[in-house]
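A short worksheet on the structure shown next.
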Amino acid sequence: MKFNDAQKEAVAHMDGPMMVLAGPGSGKTTVITGRTGNLIKQGISASSILVVTFTKAAAREMRERYLRLMNLHTSQVTFGTFHGVFYGILRHTYKLSGQNILSEDQKMKLLRELVDAFCQETEDENDLLENVSREISIVKDGRMDISYYYSKCLPEEAFRKIFTEYKSWMNNSRKLDFDDIMVWTYELFHKRPDILKLWQNKFQYILIDEFQDINPIQYDIIRMLAAPLNNLFIVGDDDQSIYRFRGAKPEIMLNFPKDYPDARQVNLDMNYRSTGEIVKKSQILIRENDKRFSKRLQTCREEGESIDIHIFEDDQSEVAYMIDDIREYLKSGKEYQDIAVLFRTNTASRKSVEQLMAYNMPFHIRDGLPNLYEHWIAKDIIAYLNIAGGSRKRSDFLRIANKPNRYLARKVFFDPEVSFESLYQEYEERQWMWERIEKLEHDLKVLKPMTPFGAMNYIRYGIGYEEYLKEYAQYRRIRVDELHEVLDELQDTTRGFDHVKDWYQHINLYTEQLKRQNQDKKNQPEGITISTLHSIKGLEYDNVYILDVNEGMIPYKKAILPEDLEEERRMFYVGMTRAKNKLHLFAVQKRREKKEEMSRFLLEIAPNLS
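Residue numbers 1 to 610, in UniProt numbering, belong to the letters of the sequence shown in order.
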């Protein structure tokens with residue numbers, strides 16, 4: 001295996017701490033497997049080497065590349081994830097089995113019960129459960145006192161009750177979730193220095209991949225495990241740290257030289273992936289960040305084509321241009337699997353996905369695409385339109401009865417079919433409730449002859465659905481404009497339909513096609529990759545499109561603090577550096593008739609852009 005000078009220095013490193021700054025496409029996996037092989041050639045026992053990364057797939061790939069390098073079928077080197085390695089330590093100490101580990105399905109079932117017990121009824125239950133789960137992880141991994149933690153997704157009292165009950169249930173059931181694996185290992189090493197010593201003697205050489213994604217408790221455990229020899233070899237790129245929402249702290253890597261003043265540092269500064277133009281522009285972008293290691297990437301490749309930066313009148317023109325460009329690209333003999341289309345958020349890809357379906361272009365969506373029409377807000381709107389169209393189903397009435405609040409009790413909807421006569425009878429002694437029921441009946445009559453677009457306008461502003469969303473957002477501690485965004489996106493899909501039944505037909509067709517796409521990814525033919533910037537890290541493609549590079553999307557509107565903006569810039573940098581030969585950066589001047597600003601990131605790499 002051939003190494004450049006920087007790689008040779010990293011591979012040849014023997015004892016003591018070392019930090020390897022590995023830019024995009026610079027061969028970090030090659031260095032980790034190369035150094036592992038070199039340690040063994042220098043007489044280090046394979047069983048004393050630990051290689052840690054973040055996913056099972058990455059650990060498996062690392063192990064396979066190492067075996068090929070060494071021409072072996074098996075090895076005593078330990079390759080694993082943080083969770084896998086630390087679970088092995090706990091299993092050895094406490095005689096645990098798989099029965100002690102709480103599966104994700106079990107965890108979500110338990111959280112659902114606790115949320116139902118301690119919260120008001122919520123519409124976005126799945127999103128809420130994910131957010132509660134993530135915040136529980138943040139509290140545990142940060143070893144925080146729950147009484148000082150302020151939830152971002154629920155009122156403090158509700159979240160603290162959920163957390164306390166969750167922890168109590170886990171203890172009583174002798175179950176561990178993935179965060180407990182970290183917490184228990186940390187506590188074990190603190191309380192039992194004799195056991196820590198055993199594992200320090202076992203793993204005398206530790207190599208960590210993607211170090212920029214490490215969280216505080218993982219780092220604390222690794223530091224204990226690596227002592228006193230401190231043969232700690234970390235490989236990562238602070239410029240690609242994009243998982244703060246999962247608890248990763250880029251500051252850990254930035255402070256590594258302070259924690260280990262004698263650590264040697266090597267910069268892998270040769271990008272073997274991208275053309276000179278892509279590398280040059282991505283470097284201009286990332287150098288705008290203040291909190292980073294100063295480094296300069298170069299490439300051994302030719303300059304290549306200029307980056308295709310396009311500003312379109314609207315998102316319809318943007319997608320149409322992309323489709324035409326892809327068709328031209330395919331004519332040159334390239335394959336669908338050479339292409340990636342990237343977005344900041346999953347929901348932003350709907351329009352592109354619809355057009356790819358329309359042109360019969362195969363694609364696959366990393367992590368799946370949520371169906372806009374299955375969002376709870378869409379279900380509310382559809383329920384209104386169903387009732388206006390003649391439906392009297394109890395399920396439809398229950399969805400909209402108190403959106404906005406009409407003070408209609410759930411118990412009055414007791415029959416499978418609801419009649420307004422029965423509602424009037426239930427409230428015959430309360431005139432003020434009659435007025436509310438009459439208003440609802442009137443609104444439904446107004447809706448009936450409207451186009452889907454006009455009906456949505458009336459539901460939002462005439463009936464007062466947006467006021468309901470405002471109150472809901474306050475309770476859930478989410479930004480109301482995020483809910484308005486779903487409404488805007490949904491209303492955008494109604495354009496061009498004269499009748500509700502035609503819009504419903506479009507919904508059914510889209511849902512069916514999307515279901516086929518999501519059913520069995522393994523059996524799908526190779527196609528264009530549709531992905532968020534978060535999910536694309538570590539991959540590379542010949543031809544990459546990044547859409548909607550506008551303020552509010554890239555960088556995302558939630559990014560207000562300087563550290564948030566720096567992470568958004570890192571995310572865009574990750575997207576840019578996935579491209580090997582062709583990179584397209586697209587922005588729009590307006591979306592849904594509203595003016596849009598191009599991203600500050602575009603102006604950083606192309607100051608003369610207008």
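For glycine and all other residues, C-beta sits at the position ideal for the given N, C-alpha and C.
Do the CB positions of residue i and residue j come within less than 9 Å of each other?
i	j	result
Leu385	Leu447	yes
Ile339	Ile323	no
Leu369	Leu514	yes
Met14	Leu69	no
Asp290	Glu566	yes
Leu609	Ile309	yes
Pro24	Asn271	yes
Glu135	Ser151	yes
Thr78	Val115	no
Ala248	Ile214	yes
Thr36	Glu61	no
Lys558	Arg479	yes
Tyr472	Glu210	no
Lys582	Glu305	yes
Asp239	Arg495	no
Pro404	Gly462	no
Whose C-beta lies closer than 6 Å to the C-beta of residue i among residues of the same chain, with five residues either side of it excluded?
i	result
Leu154	none
Thr529	Ala340
Ser599	Val549, Asn550, Glu551 and Ile554
Ala226	Ile206 and Leu232
At which residues does the beta strand (DSSP E) containing residue i begin and terminate?
i	result
Glu135	Per DSSP, Glu135 belongs to no beta strand (DSSP E); it is in the alpha helix (DSSP H), Glu125 to Asp141.
His584	Ala579 to Arg591
Ile546	Tyr541 to Ile546
Trp52	Checking the sequence shown, residue 52 turns out to be Val, not Trp. Ile49 to Thr53 is the extent of the beta strand (DSSP E) around Val52.
His534	First-last for His534: undefined, no H or E at that position.
Phe312	Asp308 to Asp314
Leu21	Met18 to Ala22
Output the distance between the C-alpha atoms of residue i and residue j, rounded to the nearest integer angstrom.
i	j	result
Phe233	Phe293	17 Å
Gln200	Ile536	35 Å
Asn267	Val588	38 Å
Tyr424	Arg436	10 Å
Thr299	Lys95	51 Å
Glu113	Leu128	13 Å
Arg591	Asp314	6 Å
Gln42	Asp548	52 Å
Ala4	Gly575	Contrary to the premise, residue 4 reads as Asn rather than Ala in this sequence. About 26 Å.
Asp259	Asp177	30 Å
Val235	Asn255	14 Å
Lys334	Gly527	12 Å
Trp376	Phe203	50 Å
Gln316	Thr493	12 Å
Asp220	Tyr186	8 Å
Arg477	Glu156	11 Å
Pro452	Asp498	7 Å
Spatial neighbours of residue i within its chain, please: C-beta separation below 7 Å, excluding the five flanking residues on both sides.
i	result
Glu441	Phe420
Arg578	Ala340, Ile536, Leu539, Glu540, Tyr541 and Val544
Arg460	Glu466 and Leu487
Leu297	Gly23, Asp269, Asn271, Val279 and Gln283
Ala59	Thr53, Phe79, Gly80 and Thr81
In terms of residues, what are the limits of the alpha helix (DSSP H) holding residue i?
i	result
Gly84	Phe82 to Tyr94
Phe572	Pro562 to Met576
Phe453	Pro452 to Asn457
Glu466	Tyr465 to Arg476
Met70	Lys56 to Met70
Met433	Gln431 to Leu447
Ala606	Element bounds for Ala606: n/a, residue is neither H nor E.
Val279	Gly276 to Ile286
Using a Cβ-Cβ cutoff of less than 8 Å, which residues in the same chain neighbour residue i once the five nearest sequence positions on both sides are dropped?
i	result
Phe413	Arg394, Phe397, Leu398 and Ala401
Glu489	Thr347, Arg350 and Leu372
Lys56	Thr81 and Gly84
Leu67	His73, Thr74 and Ser75
Met18	Ala10, Leu232, Phe233, Ile234, Ala263, Arg264, Gln265 and Val266
Lys379	Arg399
CB of residue i to nearest heavy atom of the ligand FAD: below 8 Å?
i	result
Ser147	This structure lacks the ligand FAD, and indeed carries no ligand of any kind.
| query | What are the start and end residues of each continuous beta strand (DSSP E) run of 3 or more residues lying completely inside the segment 227-274, in chain order? | reply | 232-236 and 264-268, all fully within the segment 227-274.
| task | Write down every uninterrupted run of the beta strand (DSSP E) in the segment 174-213 whose length is 3 residues or greater and which is fully enclosed by it, in chain order. | result | Counting only runs of at least 3 residues, the segment 174-213 fully encloses the following beta strand (DSSP E) elements, listed from N- to C-terminal order: 205-208.
| field | alpha helix (DSSP H) runs wholly inside the segment 339-410, at least 4 long, in chain order | value | The qualifying runs are 350-358, 376-388 and 394-400.
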